[in-house]
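Peer 1: Let me begin by handing over the structure; questions about it come next.
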Ligand SMILES: *Cc1c(COP(=O)(O)O)cnc(C)c1O
């Protein structure tokens with residue numbers, strides 16, 4: 223059976239990228255590998271829309287979050303952490319681990335934080351010098367408007383740190399133009415690679431903060447990574463194979479073009495959402511990211527039966543909810559290496575699995591609804 227990942231990480235890897243990574247290993251202190259690095263540097267600057275270096279770390283996305291905290295913040299940096307799910311919480315947990323004082327701004331899971339809420343919290347806490355945000359809160363499916371939020375943070379002269387781990391490569395992200403000080407992502411989400419790499423883009427102001435930090439770091443020290451970046455090398459042995467894959471994946475992204483890529487994700491997400499509405503199922507987040515379609519499972523629709531049916535019978539791997547959302551949501555992700563065909567297939571599997579577990583489905587209706595969005599023709603009345 224063919225397995226398809228409709229999960230918000232890891233995501234499916236294109237054949238071109240897998241083939242690149244299947245080549246014999248090369249040594250990392252060679253001109254040949256410097257070329258790979260150079261190509262990654264340029265591709266990442268395009269991806270993050272920044273003129274500054276984008277660091278490449280050998281770790282999962284969380285490593286870049288941790289690297290950002292230990293490199294950019296200090297023991298005295300009062301930090302506001304916006305929490306609306308598992309990943310917002312993670313920023314707070316990392317701050318706590320290193321003794322960085324923080325105040326939480328909690329929004330209910332499934333909600334997005336508004337610019338007004340953020341402004342209010344910053345007015346109430348005038349000592350705040352850094353704010354940690356999550357562009358796409360993958361645990362709930364909610365999208366945060368980073369452009370608007372970063373503007374609020376900048377107005378108050380604080381540093382703006384953004385977890386864009388599922389935002390980057392899916393949603394518009396303009397690090398320099400939007401005044402983001404740190405943006406991080408990982409390889410196994412929108413970048414269409416296996417897990418194992420993480421990336422961080424920093425503003426000039428953030429680089430100044432790196433010089434002042436009093437927090438301990440070594441492997442994840444952004445200062446060390448920056449020094450090597452300038453020489454088109456890495457401070458220690460990098461994940462050579464993944465980086466050759468990255469160069470290829472970034473080429474694919476560049477040839478598609480960021481605007482087209484954002485638009486493709488928007489269309490795929492809208493098609494899936496329309497299909498889910500047609501199936502009579504409610505969507506969970508109020509402002510959904512285009513990363514995944516998060517279904518709020520109604521009473522009588524059992525998460526584990528449905529997800530097992532999808533995977534065991536149709537090879538469709540989906541994700542569930544964590545913590546307070548355990549058993550309450552089904553997450554169908556559509557980020558990275560997917561096209562219209564994957565969306566139609568996914569909707570078809572969803573229709574069939576729902577029917578299998580006893581949910582009333584008019585076979586083909588949801589597929590037709592998705593197709594109407596994909597072919598951008600107005601819905602029939
Ligand atoms: C996946 C994810 C992370 C964690 O990344 P790992 O690669 O699992 O360390 C953090 N934030 C968001 C929004 C994510 O989707």
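In this note's numbering, the protein residues as written are 223 to 603. Don't be surprised by glycine CBs; every beta carbon is placed ideally from N, CA and C. None of these values were measured; they are calculated from a predicted model.
Return the residue from the list 459, 437, 300 and 312 that minimises the CA-CA distance to residue 381.
Peer 2: As a first step, residue 381 must be located in the chain shown, where it is residue number 159. With distances taken between Cα atoms, residue 381 lies closest to 300.
Peer 1: What does DSSP give as the partner residues of residue 259 in its beta bridges?
Peer 2: Looking up residue 259 in the chain shown gives position 37. None; residue 259 has no bridge partner.
Peer 1: Would you call the CB atoms of residue 386 and residue 364 closer than 7 Å?
Peer 2: In the chain shown, residue 386 corresponds to position 164, counting from 1. In the chain shown, residue 364 corresponds to position 142, counting from 1. Against a cut-off of 7 Å, the Cβ pair of residue 364 and residue 386 comes out as no contact.
Peer 1: Quick check on DSSP: helix, strand or coil for residue 443?
Peer 2: Counting from 1 along the chain shown, the entry for residue 443 is found at position 221. The answer is coil: DSSP assigns residue 443 none of H, G, I, E or B.
Peer 1: Provide the residue span of the alpha helix (DSSP H) that contains residue 426, from first to last.
Peer 2: Within the chain shown, numbered from 1, the residue matching residue 426 stands at position 204. Looking at the DSSP string, the run of the alpha helix (DSSP H) that includes residue 426 is 426-434.
Peer 1: Within 10 angstroms of the Cβ of residue 308, are there 16 or more other Cβ atoms? Answer buried if so, exposed if not.
Peer 2: As a position in the chain shown, residue 308 is number 86, starting the count at 1. So residue 308 counts as buried.
Peer 1: Around the C-beta of residue 520, are 16 or more other C-beta atoms found within 10 angstroms, so that it is buried, or is it exposed?
Peer 2: Position 298 of the chain shown, counted from the first residue, corresponds to residue 520. With fewer than 16 other Cβ atoms within 10 Å, it is exposed.
Peer 1: Using beta-carbon positions only, say whether residue 413 and residue 389 come within less than 7 Å of one another.
Peer 2: Counting from 1 along the chain shown, the entry for residue 413 is found at position 191. Counting from 1 along the chain shown, the entry for residue 389 is found at position 167. No, the pair does not count as a contact, with Cβ atoms beyond the cut-off.
Peer 1: Return the residue from the list 421, 407 and 374 that minimises the CA-CA distance to residue 401.
Peer 2: For the purposes of this step, residue 401 is taken as residue 179 along the chain shown, with counting starting at 1. Considering only alpha carbons, the answer is 374.
Peer 1: Leaving aside the five residues before and after residue 603 along the sequence, list all residues of the same chain whose C-beta is less than 7 Å from its C-beta, in chain order.
Peer 2: Counted from its first residue, the chain shown places residue 603 at position 381. Here the model assigns residue 603 a pLDDT of 42, short of 50, so the residue's position is not dependable, and the following value carries that caveat. Cβ within range, chain order: n/a, list empty.
Peer 1: Do you know offhand how far residue 235's Cα is from residue 518's?
Peer 2: Stepping through the chain shown from its first residue, residue 235 is reached at position 13. Stepping through the chain shown from its first residue, residue 518 is reached at position 296. Taking the straight line joining both Cα atoms gives about 28 Å.
Peer 1: Please name the residue in 494, 318 and 378 whose C-alpha comes closest to that of residue 571.
Peer 2: Here the question's residue 571 lines up with position 349 in the chain shown. Ranking 494, 318 and 378 by Cα distance to residue 571 puts 494 first.
Peer 1: Taking the alpha-carbon positions, what's the residue 440 to residue 465 distance?
Peer 2: Locating residue 440 in the chain shown gives position 218, counting from the first residue. Locating residue 465 in the chain shown gives position 243, counting from the first residue. Cα to Cα, residue 440 sits roughly 21 Å from residue 465.
Peer 1: Runs of 3 residues minimum, wholly inside the segment 521-561: which ones carry the beta strand (DSSP E) assignment?
Peer 2: Listed in chain order, the complete beta strand (DSSP E) runs (minimum 3 residues) inside the segment 521-561 are 551-555.
Peer 1: Select from 270, 497 and 366 the residue whose C-alpha is nearest the C-alpha of residue 479.
Peer 2: Start at 1 with the first residue of the chain shown, and residue 479 comes out as number 257. Nearest option by C-alpha distance: 270.
Peer 1: If you reduce the DSSP assignment to three classes, tell me which class residue 590 lands in.
Peer 2: Within the chain shown, the letter at position 368 stands for residue 590. Here residue 590 sits in helix by DSSP.
Peer 1: For a test of your reading of the model: does the CB of residue 506 fall under 6 Å from any non-hydrogen atom of ligand 2? Yes or no.
Peer 2: In the structure on display, ligand 2 does not appear, and the ligands it does have are ligand 1.
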